[in-house]
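Each number in my numbering corresponds to the 1-based position in the sequence shown with 877 added.
All C-beta atoms, glycine included, are put in the ideal place defined by N, C-alpha and C.
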Amino acid sequence: MPFADCIGRKAVVLGATLAVALLSGCAGWPFGAATEEPSPPPVPATPLSAPAAPEAVVAPAPAPAPAPPVDAAPPPAPVEPPLPPVDAATRASFDEAVRMLRAGRLPEAERAFKALTARQPALAGVHANLGLLHRKAGRLEESATALQEAVKLSPKQAAYHNQLGITWRALGRFDHARKAYETAIDLDPAHAGALINLAILNDLYLGEPARAVELYTRGAALLPAEAATINKWLAELKSRKADPKLAASAPATGAAAAAPATPAAPPRKEKE
């Protein structure tokens, strides 16, 4: 099976041990181990039989009028670059790095993932895991760099854009975070994590409560087990919108700004 395609008021990050399971695919947090093999070569078309020789005729028929020229259609552009082959040793190394990460052996896991990037630099999931490790260690710029490489290598994976959005939000680059979350949602309209994270961004950092209400509502519908908590966030947001004093206390911009939480509203938590 191929690898590819397998804050209350202050934002905080969920998850203690996270691992992207796919070298160039998708998933939530943690992402478990998987395997990737090269795609099978295309099956060549069955050769056609040679045409039979035409029967002899007394006189040749008049040649048909030439058809008007037709512009040749350009070949379709590839959606993504082809994946490099992944051998058994690379699969085993990746699985071991994931096990280290899940066991909390973060320095060892980081070394293992870095070794994999040297061996197979085009595997997006390895860069994504490094981005998560860097973020967990507080190295946010390094996290952004690694996750940008992951989305460059595998731009169709909504999970990678969502992770990049979390890092951009932590860096205070809210417009970048919004773009990353919106890209994830464009790729996967049912990506609950990106919906909730974009709702939190609009709620706490961008000062766009109406948009936050819409996104919280969509996210709650996809996360029935968390709907009670999300509905408390919604109720707190709506009460803040209705009360000018509460609305004035909400942050407009700034990474350090945070509105005070009401007792009924649990802290916002980004979904990895």
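Output the boundary residues of the alpha helix (DSSP H) element that contains residue i.
i       : result
Val1090 : Pro1086 to Leu1099
Arg988  : Leu983 to Arg996
Gly1049 : Segment: none, Gly1049 is in no alpha helix (DSSP H) and carries neither H nor E.
Ala1102 : Here Ala1102 belongs to no alpha helix (DSSP H), and DSSP marks it neither H nor E.
Arg1071 : Note that residue 1071 corresponds to Ala in the displayed sequence, not to Arg. That run of the alpha helix (DSSP H) goes Ala1069 to Ile1077.
Between the options, which has its C-alpha nearest residue i's C-alpha?
i       : options                               : result
Thr1060 : Ala1036, Ile1077 and Thr1044          : Ala1036
Glu1113 : Ala1142, Glu1085, Leu1100 and Arg1088 : Ala1142
Ala1023 : Phe990, Lys1033 and Leu1064           : Phe990
Pro1086 : Ala1102, Thr1106 and Leu1111          : Leu1111
Phe971  : Gln997, Lys1033 and Gly981            : Gln997
Asp1063 : Ala1102, Ala1054, Lys1033 and Leu1000 : Lys1033
Leu978  : Ala966, Pro962 and Leu1010            : Leu1010
Gly1084 : Pro1066, Ala966, Ala1105 and Lys1115  : Lys1115
Ala966  : Glu1149, Arg1012 and Ala992           : Ala992
Gly981  : Gly1008, Pro962, Lys1013 and Val963   : Lys1013
Glu1149 : Pro962, Asp964, Val963 and Arg1046    : Arg1046
Val963  : Ala1102, Ala999 and Arg976            : Ala999
Thr1106 : Ala1119, Val1028 and Glu1147          : Glu1147
Would residue i and residue j qualify as a contact pair, given that the criterion is a beta-carbon distance under 8 Å?
i       : j       : result
Arg1095 : Leu1072 : yes
Thr1044 : Leu1017 : yes
Ala1021 : Leu1048 : yes
Asn1079 : Gly1042 : no
Glu986  : Ala969  : First, the residue type needs correcting, since residue 986 is Ala and not Glu in the sequence shown. No; because the gap between Cβ atoms is not below 8 Å, this pair is not in contact.
Gly1070 : Asn1039 : yes
Leu1081 : Arg1145 : yes
Glu1019 : His1004 : no
Ala1001 : Leu1030 : yes
Ala1067 : Leu1099 : yes
Ala1097 : Ala1089 : no
Which of the three DSSP states is assigned to residue i in this structure?
i       : result
Ala1033 : A small fix is needed here, since residue 1033 is Lys in this sequence, not Ala. Residue state, collapsed to three classes: coil.
Glu1147 : strand
Gln1025 : helix
Gly1015 : coil
Val963  : coil
Gly1002 : helix
Asp1063 : helix
Gly1042 : helix
Ala1057 : helix
Ala911  : Residue confidence is low: Ala911 scores 35 on pLDDT, short of 50, so the model does not pin down where it sits. Its coordinate-derived value is still stated next. Of the three classes helix, strand and coil, the one that applies to Ala911 here is coil, per DSSP.
Arg886  : Residue confidence is low: Arg886 scores 38 on pLDDT, short of 50, so the model does not pin down where it sits. No coordinate-derived value is stated.
Ala857  : Outside the shown range of the chain, which is 878 to 1149, sits residue 857, and nothing can be said about it.
Glu1113 : helix
Leu1083 : coil
Ala974  : helix
Ala980  : coil
Ala1119 : helix
Ala1125 : Low per-residue confidence applies at Ala1125: pLDDT is 48, beneath 50, and the placement is therefore not dependable, though the value from the model is reported in the following sentence. Helix.
Between residue i and the ligand NAP, is there a pair consisting of the residue's CB and a ligand heavy atom that are separated by less than 7 Å?
i       : result
Lys1148 : Ligands are entirely absent from the displayed structure, and the ligand NAP is therefore not among its contents.
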